[in-house]
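Chemist: Here you go, one structure.
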Ligand code: GLN
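Residue numbers (my numbering): 248 to 710.
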C-alpha cells in the first residue's frame, strides 16, 4: 500500500503499449459500455504535481454523469443520452488531476448483483470469464481487476460496490451516507445509496476518497465528515452464528479470523438479531423509492420515445414497455405495490421500523467493538446464467451488505484470499464517520495476506 499514488507514467507516455494491453483484455471481460482511452475527459492541465490524482485514468459506472459521455444506466431507456455535466465526484476527481477513460457496465439502473441485468452489454469476471463480475458495479470491478484502470467509481445502494469488488479480488469502499455527493448519480433508492470507490491499492482508495468527499451545494443531503477521535482499532465483532456460507467462503472467513487474531485484534462474538429482516426491509424500501425515482423516465421528459403513439398515455406505456428490462419492471411494480394506499402500514412503514431496529442492533455491536467483520457475500462469483442463483437467491444473498446501507454507515470489502482459484471478499463495517478504522484494519490485514493479482494482468499502476 502506497500513501500517494505516483502517476502511471505509461498511460500518457506509452499509450500504444497501454492499448495493446487493454484492448484484448477489454474484449474478454467487457467492462466498459463506452471506452475512450484515446480521448480521456479531464479538467485540463492545472497546477500539476500538487494534484493528488495527477495523471491517473479512471472508469465511471454508467449511472454517474460524465460530461460529453453517454449516461445509459445500462438501460435501453437511456441508450441515447449524453450527459451535459459532470457528477460532483467526477468533477472533483478531474480537478485532482485524473481523467475519465470510460463508462463501465452495470445492472440496469443498479438493480442486481451480477451485471447480467444490463440491457447493453455482457461483463465477465477477469479471473474466470465463464463467471459474472458481480454487480451492480460489475464493470468497474472488472476494469480494476484486469488492470485497465487504477480506480473506478461505482454506486452502492445495497452492496453494489462491495459485492463485485469481492468477486473480482479488489477493494470496494462504501462511505458513510452523505459524505460523497450524489449529485450526478442517477437515483435508484436515494435514502440508501452513495457513490463508492474500487481499486486494487488501498492507499489509492483513501486518496480518491479524500479528494472527492465533503459537502456539495448541489446535494442537500451531502455533508462534511464529522471528525472522530482517532484511536487504534483493538476489537473486532464477529457473528456468533454464520449460517449458509459456501464452503470456500467459509474457509476464507475462518482464515481471516486466524490472521486478525495473529495481528493482535480481540475478536468479540456478537449477534445481530435483526439481520434476517434486513433483506426484506431493504427490498421494500429500495423498490418503493425506485418506483418514484424512475417515474421520470416516460418518453416525454426523458427516455426512449416510440416512433408512433395514439395519445400521451399510449406513448408512456410504449416507452416504458420497450425501454425497461424485466428486473426494473418487477421492482417498479413491487414498489408501487408496497406504497399502495391503505397498505403502507403493512409494508413500507414496517420496513422503516425494521430499518431503525437494524441501526440500533449495529449500534449495540459498536458499543462492544471497533469494527464488525462479515463475509461480503455468501458465495464466490457464480457462472453466467447460473440457475441456482436465481434473482430471488441473489437478493437473499445481499444480507451482509444491505445492513450498512440501511444504517448509513461505512463499509469496506477487502480481498481476503482465494477459494478454488476465485477471489473472496470479506467486509469490515464501522460506525458513521469512522472510515479511518476500515482503512487501518484492512491495511494491517494486507501485511499478512497481500492482494493477489488476477492471472494474466501485468500493469502495475503504482509505478
Ligand atoms: N443487489 C442489490 C440490488 O439489486 C444492490 C444494488 C446496488 O447496490 N445498487 O438492489
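Ideal placement from N, C-alpha and C gives every residue a C-beta, glycine not left out.
Where does residue 353 sit, in a helix, a strand or coil, going by DSSP?
Modeler: coil
Chemist: Would you call the region 429-444 and the region 528-535 in contact, with 3 or more CB pairs under 8 Å?
Modeler: Short answer: they touch.
Chemist: Residue 451 by DSSP, collapsed to three states: which one?
Modeler: helix
Chemist: Relative to the alpha-carbon of residue 719, which residue among 521, 552 and 347 has its alpha-carbon at the smallest distance?
Modeler: Here the chain has residues from 248 to 710 only, and residue 719 is not among them.
Chemist: Less than 7 Å separating the Cβ of residue 388 from some heavy atom of the ligand GLN?
Modeler: no
Chemist: Taking the alpha helix (DSSP H) that residue 614 falls in, what are its first and last residues?
Modeler: 595-615
Chemist: Cβ of residue 424 versus every heavy atom of the ligand PLP: is any distance shorter than 7 Å?
Modeler: Ligands present in the displayed structure are limited to the ligand GLN, and the ligand PLP is not among them.
Chemist: According to DSSP, is residue 338 part of a helix, a strand, or is it coil?
Modeler: helix
Chemist: Can you give, in chain order, each stretch of the beta strand (DSSP E) that sits fully within the region 279-335 and has at least 3 residues?
Modeler: 279-282 and 304-308
Chemist: Below 8 Å CB to CB, which residues in the same chain sit around residue 565 once its five sequence neighbours on both sides are set aside?
Modeler: 546, 553 and 556
Chemist: Inspect the beta-carbon positions of residue 402 and residue 386 and report whether they are closer than 8 Å.
Modeler: If you check the CB distance, residue 402 and residue 386 do not come in under 8 Å.
Chemist: My assumption, with CB atoms under 8 Å, is that residue 431 sits in contact with residue 333. Please give the rounded CB distance.
Modeler: Right, their Cβ atoms sit about 6 Å apart.
Chemist: What does residue 513 pair with, by DSSP beta-bridge criteria?
Modeler: 482
Chemist: Which same chain residues end up closer than 6 Å to residue 275 when comparing Cβ atoms and leaving out the 5 residues on each side of it in sequence?
Modeler: 376
Chemist: How many angstroms separate the CA atom of residue 406 from the CA atom of residue 667?
Modeler: 23 Å
Chemist: Do you know offhand how far residue 253's Cα is from residue 382's?
Modeler: The pLDDT assigned to residue 253 is 46, lower than 50, so where the model puts this residue is not dependable, and the model offers no usable value.
Chemist: Should residue 413 be listed as close to the ligand GLN, given that the test is whether its C-beta is under 7 Å from any heavy atom?
Modeler: no
Chemist: Bridge partners of residue 441, per DSSP?
Modeler: 403
Chemist: Hey, which unbroken runs of the beta strand (DSSP E) at 3 residues or more fall wholly within the region 515-554?
Modeler: Runs found: none.
Chemist: Mind the definition here: the region 438-447 touches the region 685-697 only if three or more C-beta pairs lie below 8 Å; say whether that holds.
Modeler: no
Chemist: Give me, in chain order, the residues of the same chain whose beta-carbon lies closer than 6 Å to that of residue 613; leave out the 5 immediate sequence neighbours on both sides.
Modeler: 678
Chemist: Determine the closest residue to residue 331 out of 338, 343, 490 and 313, with distance taken between C-alpha atoms.
Modeler: 313
Chemist: Any heavy atom of the ligand GLN closer than 7 Å to the CB of residue 621?
Modeler: No, Cβ of residue 621 sits at least 7 Å from all heavy atoms of the ligand GLN.
Chemist: CB residue 525 to CB residue 650, shorter than 8 Å?
Modeler: Here residue 525 is near residue 650, since their CB atoms are less than 8 Å apart.
Chemist: Between the C-alpha atoms of residue 336 and residue 408, what's the straight-line distance to the nearest angstrom?
Modeler: 15 Å
Chemist: Exposed or buried, which one is residue 607 when buried takes at least 16 other CB atoms within 10 Å?
Modeler: exposed
Chemist: Does the beta-carbon of residue 634 have 16 or more other beta-carbons within 10 angstroms, so that it is buried, or is it exposed?
Modeler: exposed
Chemist: DSSP beta-bridge partners for residue 674?
Modeler: 621 and 660
Chemist: Out of 343, 468, 501 and 364, which one is the CA nearest neighbour of residue 354?
Modeler: 364
Chemist: So, helix, strand or coil for residue 344, using DSSP?
Modeler: coil
Chemist: Report back the beta-carbon spacing between residue 352 and residue 266 to the nearest angstrom; my notes put them in contact at under 8 Å.
Modeler: Their Cβ separation, rounded to whole angstroms, is 20 Å, which puts residue 352 and residue 266 out of contact at 8 Å.
Chemist: Comparing C-alpha positions only, which one of 572, 599, 359 and 457 sits nearest to residue 322?
Modeler: Measuring from the Cα of residue 322, the nearest candidate turns out to be 572.
Chemist: Could you give the residue range of the beta strand (DSSP E) that holds residue 684?
Modeler: First-last for residue 684: 682-695, but that is the alpha helix (DSSP H), not the beta strand (DSSP E).
Chemist: Would you list the one or two residues that DSSP bridges to residue 375?
Modeler: 372
Chemist: For residue 466, name the three-state secondary structure that DSSP assigns.
Modeler: strand
Chemist: Is any non-hydrogen atom of the ligand GLN found closer than 7 Å to the C-beta of residue 533, if you look at the structure I gave you?
Modeler: yes
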